[in-house]
Amino acid sequence: MKVIIAAGTPGAGKTAVLLNTIKQVRKQHQVAVVKIDCLYTEDHIRFFSIGVPALLGLSKDMCPDHYTIFNTGEMIEFAEKHKAEMLVIETAGLCHRCAPYTSNSLGVCVIDATTGPNTPLKVGPFLSTANTVVITKGDVISQAEREIFRERVLEMNPSCRIIEANGLTGKGATELAACFEDAAEFSYDEERLRHNAPFSICTLCVGETRVHQQFHRGVIRHLNGVQEYLGE
Amino acid sequence: MIQSISILAGKNKVGLAERFSEIHIDAGEIIGIVGPTGSGKSALIEDIEQLAQRDTTSSRQILLNGKVPDADLRFDPKKKLVAQLSQNMNFLADMTVDEFLRLHAKCRGKDSLLSEKVIYYANSLTGEPIRKDMNLTVLSGGQSRSLMVADVAFISDSPVVLIDEIENAGIKKHEALELLSGNGKIILVVTHDPVLALLTQRRLVMRKGGVEKILTTTEDEKRLSVYLNQVDRELFTIREQVRHGEEISLEASSVASVTENIIG
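These protein sequences, in sequence, are chains A and B.
Per UniProt numbering, the very first residue in the first sequence carries number 1; after that it's consecutive.
Per UniProt numbering, the very first residue in the second sequence carries number 1; after that it's consecutive.
Spelled out as structure tokens, the structure:
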């Protein structure tokens, strides 16, 4: 099975781009989709409506990327049940610190060009470790800004394939479909993350709500950049 | 260098072969693309942009200089063939005109002094002067479009320029096309504005996802184009007079044809 993991900033157009691409891919392959979000989404219904088996996962109190990684096996089972040759996982990806891509999946980063030329420098590993970077909404900014944005993406990820897409018209879908086809075979037993998740485990992660610094323990980092372990 | 692009026929949305075998376009040529919404204009442009090799829904093939292009031309984003200009585009970057143009020039590996040249030529297309210390986000539609045209002419390397519906842009259209084609670029204009459409040498008529026919601009149309361009220029002048709070005089020499037709 081929596994495609799509990450991107909220509202960048991940679902629209994936819908257009899946419409092309499913002419030749059985596709299943898993949509991960944090609290609420109706996006999975959009996948149902084009006739693709789709599963929704809400991460609630768990970090959505960690949730995606933890549940990879269950998602594969879902895809196998539907005899899918391709599993597309749309992640929620919010803090930009994790990258959910694994060694043999196709990592697709969807990024919105209207968020300004510094965005590629801010978003971290989900851009820098992606195989394919899909730039959306380029049709509403000038050619010059598109070229600056593209250059910044390449600064962060020199070997990526860039696709300029439009979720509304379907532009870029054929190109992205070709990338799906070229993805490697996924092997659940052997997969590893391309980029480690953050080290910082602190008391906030396990439910602390008090703000004062005296109540916090764990691997923490100060405003001045000093990182330390507080605790026993 | 790209001297020409060729479009080899594919099929339309209902699977019928397009009724031409090859459309050959030379550098410096201006080609119109016309047809209603959904007729396949965007797909045609996308084929050119992606250098389709019978692998898109239209099955068209695009050749460069008469040959199948190298794979790296297709996939290296820095070598993208098509630069685009459209009515919907805005400048969103929060910086001055000069800072922005220098940044763009740097990204393209060009001399940052090009900024001055771009501003100079942009000012030849718009009635409202653009200064280099202005913030991009305060530019009017006409100023933005002029700057985009001049930027594409001198900083973007793309040999093909796609102009999509810029009829109400408030810029000197004829001069804008001349500036772009003068730099040896192939220009594709998607438009139903007769001023622009008749300035082209040929028009591709789209229907049901395919090229239905190819019209070569006739002598009659060329004469009409000269007249329409004059009208367009006069409209531009009057618009600037209105903008500057002037009273419009019918006797003014700048609006000769209006004067002729209204007061005889």
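Backbone N, C-alpha and C fix where the C-beta goes; we use that ideal spot for every residue, glycine too.
Which of helix, strand or coil DSSP assigns to residue i
i	result
histidine 24 of chain B	strand
lysine 11 of chain B	strand
serine 6 of chain B	strand
valine 33 of chain A	strand
leucine 215 of chain B	strand
asparagine 123 of chain B	helix
cysteine 63 of chain A	coil
glycine 218 of chain A	strand
asparagine 20 of chain A	helix
leucine 101 of chain B	helix
arginine 207 of chain B	strand
methionine 86 of chain A	strand
serine 146 of chain B	helix
lysine 171 of chain A	strand
leucine 204 of chain A	helix
residue 266 of chain B	With chain B covering only 1 through 264, there is no way to say anything about residue 266 of chain B.
alanine 83 of chain B	strand
threonine 68 of chain A	helix
glycine 32 of chain B	strand
threonine 102 of chain A	strand
Residue interval of the alpha helix (DSSP H) (run including residue i)
i	result
methionine 75 of chain A	72-81
serine 181 of chain B	173-182
glutamate 152 of chain A	Looking at the sequence itself, residue 152 of chain A is arginine, so the reference to glutamate does not match. Per DSSP, arginine 152 of chain A belongs to the alpha helix (DSSP H) from 143-156.
glutamate 46 of chain B	41-50
leucine 228 of chain B	219-243
threonine 57 of chain B	Premise fails: threonine 57 of chain B is in no alpha helix (DSSP H) and is neither H nor E.
aspartate 43 of chain A	43-49
serine 128 of chain A	125-128
aspartate 72 of chain B	71-75
leucine 121 of chain A	119-122
Boundaries (first-last residue) of the beta strand (DSSP E) holding residue i
i	result
lysine 2 of chain A	2-8
threonine 132 of chain A	132-136
leucine 106 of chain A	106-112
glycine 57 of chain A	54-58
valine 160 of chain B	160-164
glutamate 185 of chain A	Taken as a continuous stretch (DSSP letters only), glutamate 185 of chain A belongs to no beta strand (DSSP E), as it is neither H nor E.
Closest by C-alpha distance to residue i, when choosing among the options
i	options	result
alanine 177 of chain A	A:Thr9, A:Asn20 and A:Lys35	A:Asn20
valine 17 of chain A	A:Ser59, A:Met62 and A:Ile89	A:Ile89
leucine 103 of chain B	B:Ser156, B:Val68, B:Pro69 and B:Asn123	B:Ser156
asparagine 157 of chain A	A:Ala144, A:Thr114 and A:Val108	A:Val108
serine 6 of chain B	B:Leu63, B:Lys106, B:Ser39 and B:Leu16	B:Leu63
isoleucine 33 of chain B	B:Met206, B:Leu235 and B:Gln230	B:Met206
leucine 121 of chain A	A:Phe149, A:Glu175, A:Ile69 and A:Cys160	A:Phe149
alanine 79 of chain A	A:Val211, A:Ser128 and A:Tyr188	A:Tyr188
proline 10 of chain A	A:Cys38, A:Gly170 and A:Glu181	A:Cys38
serine 124 of chain B	B:Ser112, B:Asn135, B:Lys106 and B:Asp151	B:Asp151
leucine 162 of chain B	B:Cys107, B:Phe91 and B:Leu85	B:Leu85
valine 110 of chain A	A:His82, A:Gly218, A:Val153 and A:Asn196	A:Val153
valine 97 of chain B	B:Leu81, B:Lys11 and B:Lys117	B:Lys117
asparagine 71 of chain A	A:His212, A:Leu56, A:Asp139 and A:Gly170	A:Leu56
leucine 94 of chain A	A:Pro53, A:Glu74, A:Gln28 and A:Ser59	A:Ser59
CB contact below 7 Å: residue i versus chain B
i	result
isoleucine 162 of chain A	yes
serine 142 of chain A	yes
glutamate 232 of chain A	no
threonine 169 of chain A	yes
threonine 174 of chain A	yes
glutamate 185 of chain A	no
threonine 91 of chain A	no
glutamate 145 of chain A	yes
Test: residue i CB closer than 7 Å to a CB of chain A
i	result
glutamine 84 of chain B	yes
serine 58 of chain B	no
aspartate 151 of chain B	yes
proline 129 of chain B	no
histidine 174 of chain B	no
alanine 93 of chain B	yes
asparagine 88 of chain B	yes
serine 156 of chain B	yes
proline 77 of chain B	yes
glutamate 116 of chain B	no
leucine 113 of chain B	no
histidine 24 of chain B	no
serine 124 of chain B	no
leucine 16 of chain B	no
glutamate 46 of chain B	yes
Contact belief for residue i with residue j at Cβ below 8 Å, rounded distance in angstroms
i	j	result
leucine 114 of chain B	phenylalanine 75 of chain B	Not really, about 27 Å apart at Cβ, beyond 8 Å.
leucine 215 of chain B	arginine 223 of chain B	Leucine 215 of chain B to arginine 223 of chain B, Cβ: 16 Å. No contact.
threonine 91 of chain A	isoleucine 5 of chain A	7 Å
phenylalanine 215 of chain A	glutamate 208 of chain A	6 Å
asparagine 88 of chain B	glycine 209 of chain B	23 Å between Cβ atoms; not a contact.
Heavy atom of the ligand SAM within 6 Å of residue i beta-carbon
i	result
leucine 224 of chain B	In terms of ligand content, the structure shown is empty, and the ligand SAM therefore cannot be addressed.
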